[in-house]
Every structure is written in structure tokens, then in C-alpha cells.
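Undergrad:
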Amino acid sequence: MKVFVDSQLCQGHTLCSMIAPDSFELSDIDGTSSPVTEVVAPAQQDAVREAAHSCPEQAISIEE
Amino acid sequence: MVAGSGRKKNRYHFDRHTPEYRLQFEKTTEEMQAKCPMAWTETYDGHWVAAGSKEVFELARCPVVSNDHDINGERSGYQGITIPKARRASVVRGGILEMDDPEHRTYRNVLNPYLSPAAVKRWEPFVDEIVRASLDEKIEDGRIDFVDDLANIVPAVLTLAMMGIELKKWAIYSEPAHASVYTPEHSPDADRVAEMNRQMGIDLLTNMLEIKENPRPGMVNALLQLRIEGQPAPDMEILGNLGLIIGGGFDTTTALTAHALEWLSEHPDQRELLSREREVLLNPATEEFLRFYTPAPGDGRTFAEDIEVEGTQFKEGERLWISWAMANRDPSVFDEPNTIVLDRKGNRHFSFGIGVHRCVGSNVARSVFKSMVTAVLDRMPDYRCDPEGTEHYETVGVIQGMKHLPATFTPGPRLGPGLDETLDKLQRICDEQELARPITERKEAAVID
């Protein structure tokens, strides 16, 4: 499973890192998100799916 | 709803400034989402209303939907984010919330490093200390008003600290910031509120001039240091942004906290659960309270071009109300939308807005809310709100807030000095540690000695 954050769409709501803190890191400057690694470890996949589902901007996409 | 013809065929009488709108919010929302998630209303010279999640999502992120408020009639004449145009909003533009890109981005980039998650995290010990002192003022009495004695104080003190304004002045700012939201312009109290607003404006201006002469860390200084093509930002735009920081930072967090504490009082089993399992529940519960109570219920916009969105044609110059509050109850996104589910999944709420105007203070709001709620759960675990003394805003057209939320609880011991002494100490810490510097200049958390 791979995860991507569209930097054009992300507005720094921070819900993804709240839900999946091991998989998303936030910019210190404005809180916009990026994946820690593109490939998601099996243990984190459920949380990453939930993060994608919860993103208000629908900026997170997943490749299963 | 009335079915007409043409572009405005879905008509709905929508007046969010009436007490009935607050009382019938769920019914209105259900009706609009079922029949006309995009409606035309004749109220306030006519405007569109986006009530469905999909419609709100598309329009709030649409590049030709404008936030601009052209106060002096120099560009488009657009009226910014209020519908109808508020009298008090006709002198100063509402900062970044009434700007479009690229202007909006120029100012927002200045504020972000003060308000990012990492920037706000540094203030947590400072916030906890204001909360501690506020509760200590009441802990021995067994009685508190959660609005007056807690939720009005903490956001105000923190916001001033971040701006670089003296903490002990919080009341000069707090009272008018709340009262001007819930006092209608025809109210007998309107003159008194206007006078308080004037005093706040004078203090803000005085601070601006002081900081211009002798820079000290904080968002006031950041805006003063901004250069646009080599020139300082106009004073009126700086004032507008400072007004937005105060308006956005004070009443909204108060509203969220009061509503959450009221609900938790009515649901003691859920309160115990939240307290016990806060490690997992506090984050989703915070988002759920945000979704359900949507402190800032929506924003006005203006179409800057003719455009078709989700099957409706809009004309340049037409006004639009984007309802975050109604979108947050859309059953196509949220199961049981009118129920609070503390561990709700897929909580894609729009309470901080969406698109480039996402609430710049969202991280402050969450952090302050969590500090206040957890401290109450720890120190007043058996509190009961008094419905007799509880006072909600009569209308929720601007902020869905509360004036008073009195409660009783089993008294407990004080943990430290009261509010005034604590604010003196926090002021010293603020100055010595230069807490109001941006995250780019200071990474360390506040140390409360």
C-alpha cells in the first residue's frame, strides 16, 4: 500500500497526523502534511485509510 | 421550499439571523439537504445558500468564489464574508478572511509560523497555567460559570500573548469581542458595546504604535515588519488582521468549550468515559464537538465570474452563504448526523472551513479547548450545569455561542496563586523567554518556573 498527499489540496487541517501520527508528518511552518514514507507498513494501513477518509480536503490518496 | 423556474428554481426562505433558525436548525438542514442543497433565498437582497456537503465542498474551493471585501469601492465592490454587511464591518476589512489570493497568501504567510501545530505546541504549559489559575479562582466555592470564569479568559489571554499585547489587558479585549457577537445593532445595550469596542480599538492602535517604535515579539510585530514590494503593509490592513485574530480567537473557542461542557454534564456516562479513555478519545471527541456545534456556522462569499457548479448556474456579483454547520450534518457523509458520537470515524467536518481560508487559528482552538476540558474533568469531575442559568445566544447567524454556563461541583483545593498573580508571572515568562517569537526563531516549549 502506498499513500500520497496532494500538496496543492492539503490546507493543514492536521487530522491525518492526529489519526495516523506514524504515517504523516506536518510542516513546522504551516501544518501541511506529507507521508513519512510512501510505502505504508502493514500495521499502519488501517489508520492511513481512516486518515484518507477523514481529510476535509480529500487530499490523501491511496494505492492498494 | 418553493419551486420556481430558471437558475433560481430551488427557492427556500432562509434567514439564519432569526431565533427560529436556531430552534429549527435540524429540521431546516434536513429539508434543505433533501430538497435543495443549493438554494436561492430572497432574504438580505437575495443570496445563494449552500447547505449540502458536496455543494459546500465544491464552492468553498472554487477559484472564482471570492472572499474580497472592497471597503472603498476600488475594485469590485464585493462585500466580504458577512451577509448582510454588518455595520461594524464597513470601516475595516476583515484581514485575510476578506482577501483573495495572492494578497491573502502574502499576509497569511506572516501569521502561519505563529499558529502552526509546532508553534502552538510550545504554548501548552503556558495555556495549562492560565487554566489552572482560572479554576483555582473558583475551586473552593463549588460554583463556576464556565463561560465567564474559564472559557472567556483562556483564549483571550493566549491570543494577546501570541500577538505581543500585555496579558493583564485581556478584559478590555474579551468583553467587546464576545458582546459584539451576541448584541444586535437594535439592542438597548448596543451603545455600551460600541463604546467597549472603541476602547479595544484604541488599545490595539496604541499597541501597534508602541510596537512600531519598539519592536517586541508577536503577531503585531510580524504584520508591522511585513514588506510588500518594499513597502510596509497599510495600517488599516494590519488593524483588520489584528481584529480578525481577536474575533476569530476569542468567541469561537469559548463557544465550543461551553457547548461541550454542557453536553458532557447532560451525559455523565460519556463524560466518565471521555475522562477515563482520554488518550484515545480526546482527539476524536474534540473533532466531534467541532462538527456538531460548528462555532463559526458559515461564511459569505461573492461570485467573481459566471460559473456553473453542481448543475447550478451562478452570475458574477451574486452572493453566497456557505454553511459549514449544515454541511456538518449531511447524512451522505455522516451516519446519524444529529447524534454526538465521541469516537466517530471519517469525521470529515468543515468547522474550520475548507480551501485556502482554513481557519489559521485551528491549532490554537484545539489546544486551548483540550486544556480547558481535561482540567475540568480532572478537578471538577462531578460538575453539573444549571439549565436555569444557562444562556445560549438567541441567534446563531454569526457564532453559535453561549453567554453563561453556570455549574456546581464538589469543592476542591487550590493548586496555586489566583489569576492576577499568575498573569503577572506569565507576563514575565513571556518576556524573558520571548515566547511570542515564530517557530522559525524559537523551537523550545515555554518553561513555567
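Residue numbers (this note's numbering), protein chains in the order written: chain A, 1 to 64; chain B, 1001 to 1449. Heads up, the beta-carbon is just placed ideally off N, CA and C, and yes, glycines get one too. If you're wondering where the values come from, they're calculated on a predicted model, not measured in any experiment.
Terminal residues of the continuous beta strand (DSSP E) containing Leu26(A)?
TA: Segment 24-26, the beta strand (DSSP E) holding Leu26(A).
Undergrad: Quick check: what's the CA-CA separation for Thr1043(B) versus Glu64(A)?
TA: Each residue's Cα considered, the two are about 49 Å apart.
Undergrad: Residues of the region 1334-1349 of chain B in Cβ contact with chain A at a cutoff of 9 Å, in chain order, please.
TA: Per Cβ criterion, the list reads Lys1345, Gly1346, Asn1347, Arg1348, His1349.
Undergrad: Mind pulling the chain E residues with CB within less than 9 Å of Thr1440(B)?
TA: No chain E is present in this structure, whose protein chains are A and B.
Undergrad: Quick test of the definition: if touching needs 3 or more C-beta pairs under 8 Å, does the region 1376-1389 of chain B touch the region 1290-1298 of chain B?
TA: The region 1376-1389 of chain B is not in contact with the region 1290-1298 of chain B.
Undergrad: Report yes if the C-beta distance between Glu1098(B) and Ile1081(B) is below 8 Å; otherwise report no.
TA: Taking 8 Å as the Cβ cut-off, Glu1098(B) and Ile1081(B) qualify as a contacting pair.
Undergrad: Let's test the definition: count the other Cβ atoms within 10 Å of the Cβ of His1069(B) and tell me whether it reaches 16, buried, or not, exposed.
TA: Burial call: buried.
Undergrad: Give me the chain A residues within the contact set of Ala1118(B), using Cβ-Cβ distance strictly less than 9 Å, ordered along the chain.
TA: Within 9 Å Cβ-Cβ: Leu26, Ser27, Asp28, Ile29, Gly31.
Undergrad: Less than 8 Å between the CB atoms is what I'm expecting for Asn1112(B) and Asp30(A), so what's the real figure, rounded?
TA: Rounded, the Cβ-Cβ distance is 4 Å, consistent with contact.
Undergrad: May I ask you to list the residues that DSSP assigns as paired with Ile1322(B)?
TA: DSSP, once it has assigned bridges, lists Ala1050(B), Asp1299(B) as partnering Ile1322(B).
Undergrad: Just how far apart, CA to CA, sit Leu1405(B) and Gly12(A)?
TA: When rounded, the distance between both Cα atoms is 32 Å.
Undergrad: Please determine, among Lys1370(B), Leu1239(B), Arg1329(B), Thr1252(B), the residue with the shortest C-alpha to C-alpha distance to Glu1279(B).
TA: The shortest Cα separation from Glu1279(B) among Lys1370(B), Leu1239(B), Arg1329(B), Thr1252(B) belongs to Lys1370(B).
Undergrad: Which residues in the same chain have their Cβ closer than 8 Å to the Cβ of Thr14(A), if we skip the five residues on either side of it in sequence?
TA: Only Leu26, Gly31, Ser33 meet the Cβ criterion.
Undergrad: Mapping the DSSP letters down to three states, classify Pro1019(B) as helix, strand or coil.
TA: Note: Pro1019(B) maps to helix in three-state DSSP.
Undergrad: Pairs of beta-carbons, one from the region 1262-1275 of chain B and one from the region 1157-1167 of chain B, closer than 8 Å: are there three or more?
TA: Cβ pair count under 8 Å is below three, so no.
Undergrad: Looking at the unbroken beta strand (DSSP E) that takes in Trp1123(B), where does it start and where does it end?
TA: Here Trp1123(B) belongs to no beta strand (DSSP E), and DSSP marks it neither H nor E.
Undergrad: To the nearest angstrom, how far is the alpha carbon of Glu1229(B) from that of Thr1106(B)?
TA: So the two alpha carbons sit approximately 11 Å from each other.
Undergrad: Can you tell me which of Asn1010(B), Pro1063(B), Phe1289(B), Leu1264(B) puts its alpha carbon nearest to the alpha carbon of Pro1037(B)?
TA: Checking every option, the nearest Cα to that of Pro1037(B) belongs to Asn1010(B).
Undergrad: Going by the CB atoms, is the gap between Val36(A) and Lys2(A) shorter than 8 Å?
TA: No, the pair does not count as a contact, with Cβ atoms beyond the cut-off.
Undergrad: Under 9 Å, CB to CB, which of the residues in the region 4-19 of chain A have a partner in chain B?
TA: Listed by position along the chain: Leu9, Gln11, Gly12, His13, Thr14, Leu15, Ser17, Met18, Ile19.
Undergrad: From Ala1194(B), Thr1374(B), Arg1319(B), Asn1338(B), pick the residue whose C-alpha is nearest to that of Thr1286(B); which is it?
TA: Selected option, being the one with the closest Cα: Thr1374(B).
Undergrad: State the CB to CB distance for the pair Ser1134(B) and Leu1419(B), rounded to an integer number of angstroms; the pair is presumed to be in contact (CB under 8 Å).
TA: With 8 Å as the limit, Ser1134(B) and Leu1419(B) qualify as a contact, their Cβ atoms being about 6 Å apart.
Undergrad: Distance, Cα to Cα, Ser1180(B) vs Glu1195(B)?
TA: Answer to the nearest angstrom: the Cα atoms are 10 Å apart.
Undergrad: At least one CB of chain B closer than 8 Å to the CB of Glu38(A): is that the case?
TA: No, Glu38(A) does not count as interfacial toward chain B.
Undergrad: Val1356(B) touches chain A at which residues, Cβ-Cβ below 9 Å?
TA: Per Cβ cutoff of 9 Å: Gln11.
Undergrad: If you draw a straight line from the C-alpha of Arg1414(B) to the C-alpha of Gly1401(B), how long is it?
TA: Spanning the two alpha carbons is a distance of roughly 29 Å.
Undergrad: Roughly how many whole angstroms lie between the Cα atoms of Ile1071(B) and Ile1202(B)?
TA: Approximately 21 Å between the Cα atoms of the pair.
Undergrad: Would you call the region 1199-1214 of chain B in contact with the region 1256-1270 of chain B, where contact means no fewer than 3 C-beta pairs closer than 8 Å?
TA: The region 1199-1214 of chain B is not in contact with the region 1256-1270 of chain B.
Undergrad: Give the secondary structure of His1404(B) by DSSP, where H, G and I count as helix, E and B as strand, and everything else as coil.
TA: Residue state, collapsed to three classes: strand.
Undergrad: Identify each residue in the region 44-61 of chain A for which the Cβ-Cβ distance to at least one residue of chain B is less than 9 Å, and report them in chain order.
TA: Result list: Glu50, His53, Ser54, Cys55, Pro56, Glu57, Gln58.
Undergrad: Is the CB-CB distance between Leu1426(B) and Phe1025(B) below 8 Å?
TA: No, these two residues do not count as a Cβ contact at 8 Å.
Undergrad: What separation, rounded to the nearest whole angstrom, lies between the Cα atoms of Arg1379(B) and Phe1409(B)?
TA: Approximately 9 Å between the Cα atoms of the pair.
Undergrad: When the distance is taken between beta carbons, is Phe1014(B) closer than 8 Å to Val1049(B)?
TA: Yes, the pair counts as a contact, with Cβ atoms nearer than the cut-off.
Undergrad: Apart from the five residues just before and just after Gly1095(B), which ones in its own chain have a Cβ nearer than 8 Å to its Cβ?
TA: Contacts found: Tyr1107, Glu1237, Gly1240, Asn1241, Leu1242, Gly1243, Leu1244, Ile1245.
Undergrad: Looking at the structure shown, is Arg1278(B) part of a helix, part of a strand, or coil, going by DSSP?
TA: Reduced to three states, the DSSP call for Arg1278(B) is helix.
Undergrad: For Trp1263(B), which beta-bridge partners are listed by DSSP?
TA: DSSP, once it has assigned bridges, lists no residue as partnering Trp1263(B).
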